[in-house]
């Protein structure tokens, strides 16, 4: 496994490792046998189920949707759905934006 993931191993790099932890009789501690190693970006892409955005009716003004679109634009064309949780005093709703609004997690 070390050869397979060698290019990911760098000092201070955050990695997500899945595998099996077991007792090491030689040193008396625990050891891990890695099954899969990925960088943080790859883990986000693999495990992210959705981007949730909560919006209160009081936050919406004339510029809101333009700003919201501008924030999402650089991340569009991804695979992660965007869910908007809208709330006002008398109601709340969850809206899932269309596929053209799917994002790439960063």
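Residue numbers (the numbering used here): 1438 to 1543.
Just so it is clear, CB atoms sit at the ideal spot from N, CA and C, and this is done for glycine as well.
Problem - Cross-strand partners of residue 1516 (DSSP beta bridge) - result: Bridge partners of residue 1516: none, in fact.
Problem - 4 or more residues per run - each alpha helix (DSSP H) lying fully within the region 1440 to 1501 - result: Whole alpha helix (DSSP H) segments, 4+ residues: 1477 to 1484.
Exercise for the section: Pick helix, strand or coil for residue 1532, following the three-state DSSP scheme. Expected result: Residue state, collapsed to three classes: strand.
Exercise for the section: Consult DSSP for residue 1525 and reduce its assignment to one of helix, strand or coil. Expected result: If DSSP states are grouped into helix, strand and coil, residue 1525 belongs with the strands.
Problem - Check whether residue 1517 and residue 1531 have beta carbons under 8 Å apart - result: No, these two residues do not count as a Cβ contact at 8 Å.
Handout entry: Beta-carbon proximity of residue 1469 to residue 1453, cut-off 8 Å
Key = One thing to note: residue 1469 has its Cβ no nearer than 8 Å to the Cβ of residue 1453.
Exercise for the section: Taking 8 Å as the threshold, find out whether the region 1495 to 1504 comes into contact with the region 1458 to 1475 through three or more Cβ pairs. Expected result: Because the criterion of three Cβ pairs below 8 Å is not met, the region 1495 to 1504 and the region 1458 to 1475 do not touch.
Exercise for the section: Just the C-alpha distance for residue 1465 and residue 1457, rounded to the nearest angstrom, thanks. Expected result: Each residue's Cα considered, the two are about 16 Å apart.
Exercise for the section: Report the option in 1534, 1443, 1440, 1441 whose CA atom is closest to the CA atom of residue 1489. Expected result: When each option's Cα is compared against that of residue 1489, the closest is 1534.
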